[in-house]
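Beneath this line is the structure, given in structure tokens, with notes to follow.
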Amino acid sequence: MTQLSGVEPAVNTAVVKRSTVLAAAAFLVGGCTYLAAEAISARGWTDRPYSYARNNISDLGIPDLSPLHTVMNAGFVVDGALFALAGLGLSVLFEGRARRLVAGTSLVHGVGSIVVGLAHASVNGASASHAVGAGMAIVGGNLVLLTAARYGGRVGAPRWYTTASAAAGVAGLAGFALFLADTGILGGGAFERISVYTIIGWEIVTGAALLARARLSKVR
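Taken in order, the sequence shown gives residues 1 to 220; the numbers are from my numbering.
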């Protein structure tokens, strides 16, 4: 996604390339930070073994349940902030509606994730702000994937990338719908993780792919 033929002439090419590299690094660090925070928090669960299938992700951020709740909540905030910055950085590659969608959906996801970390859930359930933040993070994040699928080809993204982005975005939104429907087919945590891991996986793959392409292009 570092091909710059679709970038407005007024935008300095070197600046755009550096912005792309920084955005890629932010995606990679943010996604890995989230997964590490989740794994560390889950290992610190003492009441009973934490279940990735049964337990909601937000359970790891509840002070009364999770001894390492600060780790998980910090993971939400760090990943959300880095994702938003990365999305804004990459938006300069696009023009018009595509630019607005990339920037807008990235901000929605990032702000939502930050809200989730700051307004953690409780043993009595999620607060209104936490629920809204979670919805923003999940829906906004998967819309980023669908936006990348729709417009990525315009900036040189390969077919496998746009196809995978589309499939992941659809799967993520479907997983969120099933999570909200509480079908009982799988544990609530499983469907929630489908809707979230599509975003985290895309974030890491996108960051790694952009850094690899930048290295091949000898971007400094």
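Virtual Cβ for every residue (Gly too), placed ideally from N, Cα, C.
Being a predicted model, the structure only gives us computed values, none of them experimental.
Query: Own chain residues within Cβ distance below 7 Å of Ala81, not counting five before or after; Result: Gly110 and Ile114
Query: Beta-carbon proximity check, Ile57 vs Arg193, cutoff 8 Å; Result: yes
Query: Proximity winner among Gly135, Ala42, Ser91 and Phe176, relative to Leu68 (alpha-carbon distances); Result: Ala42
Query: Distance CB(Gly112)-CB(Gly133) smaller than 8 Å; Result: yes
Query: Three-way DSSP call (helix, strand, coil) for Ser91 in this model; Result: helix
Query: Supposed close pair Gln172, Phe179 - CB separation, criterion 8 Å; Result: For clarity, residue 172 is Gly in the given sequence; the question names Gln instead. Not quite, the Cβ-Cβ distance comes to about 10 Å (not below 8 Å), so this is no contact.
Query: Cβ-based burial, Gly117 [other Cβ within 10 Å; buried from 16]; Result: buried
Query: Close-in-space but distant-in-sequence residues of the same chain around Leu22 (CB under 7 Å, 5 per side omitted); Result: Gly89
Query: Cutoff 6 Å; reference Ala37; Cβ partners in own chain excluding five residues on either side; Result: Val71, Met72 and Gly75
Query: Complete runs of the alpha helix (DSSP H) confined to the segment 131 to 215 [at least 4 residues]; Result: 159 to 181
Query: Touch test, the segment 152 to 161 against the segment 124 to 143, Cβ-Cβ under 8 Å, three pairs minimum; Result: no
Query: Cα-Cα separation, Met136 to Ser106; Result: 10 Å
Query: Helix, strand or coil at Tyr34 [DSSP, three-state]; Result: helix
Query: Beta carbon of Asp79 nearer than 8 Å to that of Tyr34; Result: yes
Query: Other residues of its chain near Ala24: CB distance less than 6 Å, five sequence neighbours each side excluded; Result: Gly207, Leu210 and Leu211
Query: Nearest neighbour of Asn142, chosen from Ile199, Leu65 and Val92 [CA to CA]; Result: Ile199
Query: Beta-carbon gap between Gly87 and Ile204 smaller than 8 Å; Result: no
Query: CA-to-CA distance, Val196 to Lys17, given in whole angstroms; Result: 29 Å
Query: Beta-carbon gap between Thr163 and Leu101 smaller than 8 Å; Result: no
Query: Local conformation of Asn73 per DSSP, three classes; Result: helix
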